[in-house]
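Residue numbers (the working numbering), protein chains in the order written: chain A, 18 to 444; chain B, 18 to 444.
Here it is in structure tokens:
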């Protein structure tokens, strides 16, 4: 009996609106290239270590299912935040992973994720080479934060930017409609710990029919509360409704997060990142106290990354494309690589995939360049907007059932088994 | 020269995604019925008192503008929260209003708003009758809260419910995808001070592809923290991700708002309503402390009422219809009335307009009936969902320009004049 040609694919890190479009791209391309099976790790490498996986062929039955999957937010397979230890520090763990891969006759291991996930690809591909094993390891970029190096942008970013731009317009209109003979400052808090790409995307709202936010503060530049107060006070002299977009990660010159100035407790996640919340609330309270003006804090929360009902067509298509490109690369013998998106032209917008050595990518953060902000770092420039605008174009009409967008989910049997703690292994 | 037949229309109270569809309905019907001009009060009766109004004919130039207006969230004309004094306590103010109406040769005064706005219609129509003036005063219902009596439901509610249902599905998927071998409770905070219609709408998310929220707490029934904790703990035994929807207005049996238990300062608006925030944050902190579990608070914020990109077609069409019906009623001699929506049938859903005496409507709140909640008031029933489901059907594709929904806004000249404090009067 001939050796099987199987693929295993996983999803890791914070979800996006289009991470499942990459999964769909992996599945469809693998089928077209004659692979036998595509397994999905449930909850990434962490689930794989518990032998939690499914055969995607039991979940995707039709072209319609592919279309639904492309429109389904969050990680269809479940995600994880799990950092592999260094190879030398826990060889047994690596042996366990490779034993599972060998049992499943895996030829290619594809991981859809951000910076931390590319670290996983790097370590596994290194281990395979060191130990003389033949599996190929490919990374597929994914992050709303757009902070991966070497790729022009990351799948997930365009859809988050489109949702943020749309919501910003709606929030600005809401505030303008309510302010008459009284003034109000609205502080919008946007995701982005170190990189301000998403916060800058609020500037997309500045169109013929909307002035956009009045001020935009990115985490790349130290935040000065006195300067901020003076800017807001000057704006309040001129208009009734002032809208400010701030990144959750803005910090003072001394390194303290603005949200730490409030009373919210610290919280550190599995990667040692500080959990942030309350930046907008803190600044709204600060301004209310200093100006006597009514203020409002709006956190866009997790909908920024999961609002597939407002996803960008360019983004969904590119996410699908990079998933397929990873299968192609593995099939052609590449390993230890991440697929990237190269921008071929701005107008008309064209992009193509490339691949880069994952050693050159992992754990580097791409920040907004200083020259893409204005002089006092309170707005982004036209160059910044020109960079983002092509990425938010187009729309996939959600497939509506009973008035709400339909998603593809793992079959009920699978879901209930996933939930049953006494029956962790099922395949 | 024949007397002009003019209409003036205003918008009041919290905005909705479809309040401008009613405005479009007023304008279109008035033109079709041969009225000469439709004036728009800027910022409702409060702006009118400052003689702030525009000729809508200078703003709406085409059928496309009508379509844009139907898709534009928040109050196109600007809103206000202004309660008219009793007639006997400030006769001068009423004389001023009627002097303006007479100067503009107004035949019908149409006010689009909620409970407080119907109070304005009542007072103005009473004053006209008492003083023998001939203007007709009609109310057009509008509120996301769905708390107006006598109408089957209110325009604005269906779109807010559709957005909330959609967002709930996306938030649940986001949380499910992230929880593996660790547990998380997500608390969603939904608008609704006294009426739980919107919070109950989170149950729409329960479809084939989604379990919906696990618990739903409406403000109609006293909230018991110990019972809540026990319910959540029982759920955490069975599943990793627990999602709870709570109304911003839930109260303890002793009448205290749950949000008051936190540290958020009180705030009272122009109508004497207590300003609420932080219910979800308080409960998330409470659960984290009691269970040791990771918790997350998500406030849907003002997007609930302004997310026209996810508006319901039924809602937009009905909002348009009630605007037109108010013009028709005024044209036929009615005054001191509010247009209502009568449900003709559930399946297929059909509705028609009716009119009711505004004296029977004003300042009464329609709450969710107790029998539409389950036994321990931790969920809504199928009857509740059957009532809402028809109201969220269908979609108007946003008119996208450069990747974002286009809105109709008052022309630049008008907008800048509105902002110029030294030039308050312009018409």
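Every residue gets a Cβ at the ideal spot worked out from N, C-alpha and C, and that includes glycine. Bear in mind that the values here come from a model prediction, so they are computed numbers and not experimental data.
| query | Helix, strand or coil: how does DSSP classify residue 198 of chain B here? | reply | Position 181 of the second chain, counted from the first residue, corresponds to residue 198 of chain B. Coil.
| request: Check whether the region 61 to 71 of chain A touches the region 108 to 115 of chain A, taking contact to mean three or more Cβ pairs, one atom from each stretch, closer than 8 Å. | output: Yes, since at least three Cβ pairs between the region 61 to 71 of chain A and the region 108 to 115 of chain A fall closer than 8 Å, the two stretches touch.
| task | Would you kindly work out how many angstroms separate the C-alpha atoms of residue 61 of chain A and residue 71 of chain A, rounded to a whole number? | result | Position 44 of the first chain, counting from 1, holds the residue named residue 61 of chain A. Position 54 of the first chain, counting from 1, holds the residue named residue 71 of chain A. CA-to-CA, the gap between residue 61 of chain A and residue 71 of chain A works out to about 12 Å.
| request: Spell out whether any CB of chain B is found under 8 Å from the CB atom of residue 32 of chain A. | output: The residue given as residue 32 of chain A occupies position 15 in the first chain. Yes, residue 32 of chain A counts as interfacial toward chain B.
| query | Given that residue 129 of chain B touches chain A, what residues does it touch there, using C-beta distances under 7 Å? | reply | Numbered from its first residue, the second chain carries residue 129 of chain B at position 112. Those do not exist, as residue 129 of chain B stays about 12 Å from chain A at its closest Cβ, beyond 7 Å.
| query | Three or more beta-carbon pairs under 8 Å between the region 97 to 104 of chain B and the region 220 to 234 of chain A, yes or no? | reply | Here the region 97 to 104 of chain B does not lie against the region 220 to 234 of chain A, with fewer than 3 beta-carbon pairs under 8 Å apart.
| task | With DSSP as the reference, please indicate the residues paired to residue 158 of chain A in a beta bridge. | result | For the purposes of this step, residue 158 of chain A is taken as residue 141 along the first chain, with counting starting at 1. According to DSSP, residue 158 of chain A bridges with A:130.
| query | Run through DSSP, which three-state label would residue 330 of chain B get? | reply | Stepping through the second chain from its first residue, residue 330 of chain B is reached at position 313. Reduced to three states, the DSSP call for residue 330 of chain B is helix.
| query | Which bits of chain B does residue 325 of chain A rub up against, with CB to CB less than 8 Å? | reply | Walking along the first chain from the start, residue 325 of chain A turns up at place 308. Around residue 325 of chain A, the beta-carbon contacts reaching into chain B at under 8 Å are 187.
| Of all the CB atoms in chain B, is at least one closer than 8 Å to the CB of residue 220 of chain A? | The count along the first chain starts at 1 and reaches residue 220 of chain A at position 203. Answer no: the Cβ-Cβ gap between residue 220 of chain A and chain B never drops below 8 Å.
| message | Run through the DSSP bridge pairs and tell me what residue 390 of chain B is partnered with. | response | Here residue 390 of chain B corresponds to residue number 373 of the second chain, with the count starting at 1. Note: residue 390 of chain B is bridge-paired with B:397 in the DSSP secondary-structure output.
| field | residue 362 of chain A versus A:408, A:319, A:342, residue with shortest Cα-Cα distance | value | The residue labelled residue 362 of chain A in the question sits at position 345 within the first chain. The candidate whose alpha carbon is nearest that of residue 362 of chain A is A:408.
| said: Excluding the 5 residues flanking residue 357 of chain B on each side, which residues of the same chain have their C-beta closer than 6 Å to its C-beta? | reply: Taking the first residue of the second chain as 1, we reach residue 357 of chain B at position 340. The answer, listed in chain order, is 167, 168, 371, 373.
| field | Nearest to residue 402 of chain A (by Cα), restricted to the options A:383, A:316, A:345, A:179 | value | The count along the first chain starts at 1 and reaches residue 402 of chain A at position 385. Nearest option by C-alpha distance: A:179.
| Over what stretch of residues does the beta strand (DSSP E) that includes residue 358 of chain B continue unbroken? | One-based indexing of the second chain puts residue 358 of chain B at position 341. Following the DSSP letters along the chain, one finds residue 358 of chain B inside the beta strand (DSSP E) bounded by residues 354 to 363.
| Contact set between residue 309 of chain A and chain B, taken where Cβ atoms lie within less than 8 Å | Here residue 309 of chain A refers to the residue found at position 292 when the first chain is read from its first residue. Around residue 309 of chain A, no beta-carbon contact reaches into chain B at under 8 Å, the shortest distance being about 13 Å.
| Exposed or buried, what is residue 418 of chain A when buried is set at 16 or more other beta-carbons lying within 10 Å of its beta-carbon? | Start at 1 with the first residue of the first chain, and residue 418 of chain A comes out as number 401. Per the 10 Å Cβ criterion, exposed.
| field | Where residue 108 of chain A falls, given that 16 or more other Cβ within 10 Å makes a residue buried | value | Taking the first chain and counting its residues from 1, the one referred to as residue 108 of chain A is at position 91. That one is exposed.
| Anyone know if the C-beta pair for residue 191 of chain B and residue 424 of chain A falls short of 8 Å? | Locating residue 191 of chain B in the second chain gives position 174, counting from the first residue. Locating residue 424 of chain A in the first chain gives position 407, counting from the first residue. Taking a C-beta distance under 8 Å as the contact criterion, residue 191 of chain B and residue 424 of chain A do not qualify as a contact pair.
| Which full runs of the beta strand (DSSP E) of 3+ residues lie inside the region 193 to 257 of chain A, going along the chain? | Unbroken beta strand (DSSP E) stretches of 3 residues or longer found wholly inside the region 193 to 257 of chain A: 201 to 207, 232 to 234, given in chain order.
| query | Among residues of its own chain, excluding the 5 on either side of residue 438 of chain B, which ones have a beta-carbon nearer than 8 Å to its beta-carbon? | reply | Here residue 438 of chain B refers to the residue found at position 421 when the second chain is read from its first residue. With a pLDDT of only 37 at residue 438 of chain B, under 50, the local geometry of the prediction cannot be trusted, and the value read off the model is given with reservation. For residue 438 of chain B, same chain residues with a beta-carbon under 8 Å away, outside a window of 5 residues either side, do not exist.
| Sheet register partners of residue 367 of chain A (DSSP bridge) | Taking the first chain and counting its residues from 1, one reaches residue 367 of chain A at position 350. Bridge partners of residue 367 of chain A: A:362.
| task | Could you list which residues in chain A have their beta carbon closer than 9 Å to that of residue 406 of chain B, in chain order? | result | Here residue 406 of chain B corresponds to residue number 389 of the second chain, with the count starting at 1. Within chain A, the residues near residue 406 of chain B are 419, 420.
| said: Since residue 177 of chain A and residue 321 of chain A should fall inside the 8 Å C-beta cutoff, what is the C-beta to C-beta distance between them, to a whole number of angstroms? | reply: The residue you call residue 177 of chain A lines up with position 160 of the first chain. The residue you call residue 321 of chain A lines up with position 304 of the first chain. About 5 Å separates the CB atoms of residue 177 of chain A and residue 321 of chain A; that is less than 8 Å, so the two are in contact.
| Would residue 38 of chain A count as contacting chain B if we go by Cβ distances under 8 Å? | Along the first chain, read from residue 1 onward, the residue named residue 38 of chain A stands at position 21. Chain B contact via Cβ: absent.
| query | DSSP on residue 267 of chain B, reduced to helix/strand/coil? | reply | Mapped onto the second chain, residue 267 of chain B falls at position 250. It is coil, neither helix nor strand.
| Helix, strand or coil at residue 385 of chain A according to DSSP, with G and I counted as helix | Residue 385 of chain A sits at position 368 when you count from the first residue of the first chain. Note: residue 385 of chain A maps to coil in three-state DSSP.
| On the three-state DSSP scale, how would you describe residue 312 of chain B? | Here the question's residue 312 of chain B lines up with position 295 in the second chain. Note: residue 312 of chain B maps to strand in three-state DSSP.
| message | Could you tell me the alpha carbon to alpha carbon distance between residue 246 of chain A and residue 103 of chain B, rounded to whole angstroms? | response | Taking the first residue of the first chain as 1, we reach residue 246 of chain A at position 229. Taking the first residue of the second chain as 1, we reach residue 103 of chain B at position 86. C-alpha separation (whole angstroms): 41 Å.
| Taking the C-alpha atoms as reference points, what is the distance between residue 338 of chain B and residue 39 of chain B? | Here the question's residue 338 of chain B lines up with position 321 in the second chain. Here the question's residue 39 of chain B lines up with position 22 in the second chain. Approximately 7 Å between the Cα atoms of the pair.
| request: For chain A, find out if any of its Cβ atoms is closer than 8 Å to the Cβ of residue 26 of chain B; answer yes or no. | output: Counting from one through the second chain, the residue named residue 26 of chain B turns up at place 9. Proximity of residue 26 of chain B to chain A, defined by a Cβ-Cβ separation below 8 Å, is not satisfied.
| query | Is it true that the CB of residue 129 of chain B sits closer than 8 Å to the CB of residue 29 of chain B? | reply | For the purposes of this step, residue 29 of chain B is identified with residue 12 of the second chain, where counting begins at 1. For the purposes of this step, residue 129 of chain B is identified with residue 112 of the second chain, where counting begins at 1. Closer than 8 Å, so yes.
| task | Let me know the secondary structure DSSP gives residue 124 of chain B once reduced to three states. | result | Here residue 124 of chain B refers to the residue found at position 107 when the second chain is read from its first residue. Residue state for residue 124 of chain B is assigned as strand, using DSSP reduced to three classes.
| query | So what does DSSP say about residue 23 of chain B, is it helix, strand or coil? | reply | Position 6 of the second chain holds residue 23 of chain B. Here residue 23 of chain B carries a strand assignment [DSSP, helix/strand/coil].
| message | Short of 6 Å in beta carbon distance, which residues of its chain neighbour residue 331 of chain B, apart from the five on each side in sequence? Order them along the chain. | response | Locating residue 331 of chain B in the second chain gives position 314, where the first residue counts as 1. The residues are 175, 408, 410, 411.
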